[in-house]
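Asker: Here it is, the structure, as structure tokens.
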Amino acid sequence: MRDLLQLEVHDLEVEVLTGIYSEETHLPQPLRISVTADLDMPERFAPDTPLSASKSYIDLKHAATAGLPKDVHFTLIEAVAEHVCETLFVSDKRVQRVEVRIVKLAIAEQGESIGITMVRHRR
Ligand SMILES: Nc1nc2c(c(=O)[nH]1)N=C([C@H](O)[C@@H](O)CO)CN2
């Protein structure tokens, strides 16, 4: 089995224009987004191995925050997850798989978490 490195960022709260219903189409709403990216990695990380041998986890944070367009309405949160996946695949060919979990915070009634998890593999 191949070794892999998983970069992770969890529980980012991001305002995104998303939703099916008319009351959701004008104002951004809060989503909780977590991202895991599977990366090819070198044979070994030595003490002096530079960051270029890996990938900054800050890139994941950027893909799920500033990298999301403010002026696009995403009908489904699936499309938000898709955008995050595409950003990471395009940014680095070593990224082989991306998992994005999105919880739509505004629809919780008693603290439950409602949303999706998308897993995409590089095609
Ligand atoms: N799989 C999905 N189901 C639903 C979504 C969605 O984005 N993906 N969105 C909605 C509505 O926007 C809802 O959250 C508004 O309360 C319903 N189901």
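Each residue of the sequence shown is one higher than the last, beginning at 4 in my numbering.
Just so you know, even glycine gets a beta-carbon here, dropped at the ideal spot from N, CA and C.
List the DSSP bridge partners of Lys73.
Answerer: Partner(s): none; Lys73 has no beta bridge.
Asker: My assumption, with CB atoms under 8 Å, is that Val122 sits in contact with Val19. Please give the rounded CB distance.
Answerer: Actually they do not touch by this definition, with Cβ atoms about 20 Å apart.
Asker: Quick one: residues in its chain with C-beta nearer than 7 Å to the C-beta of Ile80, no 5 flanking neighbours on either side, listed in chain order?
Answerer: Around Ile80: Thr21, Leu34, Ile105, Lys107, Gly118 and Ile119.
Asker: Which residues does DSSP pair with Val122 in a beta bridge?
Answerer: Val122 pairs with Glu102.
Asker: Let me check one thing: in DSSP terms, what residues is Leu34 bridge-paired to?
Answerer: Leu34 is bridged to Val17 and Lys107.
Asker: Since I believe Ala109 is in contact with Val87 (beta carbons under 8 Å), could you give me their beta-carbon distance rounded to a whole number of angstroms?
Answerer: Not really, about 19 Å apart at Cβ, beyond 8 Å.
Asker: Is any heavy atom of ligand 1 found at a distance shorter than 7 Å from the C-beta of Ile119?
Answerer: Yes.
Asker: My output table needs one value for Glu89: the three-state DSSP class, helix, strand or coil.
Answerer: It is helical.
Asker: Using the three-state DSSP reduction, which class does Ala49 fall into: helix, strand or coil?
Answerer: Coil, per DSSP.
Asker: Closest by CA to Leu2, which one among Glu112, Val17, Leu63 and Arg47?
Answerer: Shown here, the chain extends from 4 to 126; a query on residue 2 therefore has no answer.
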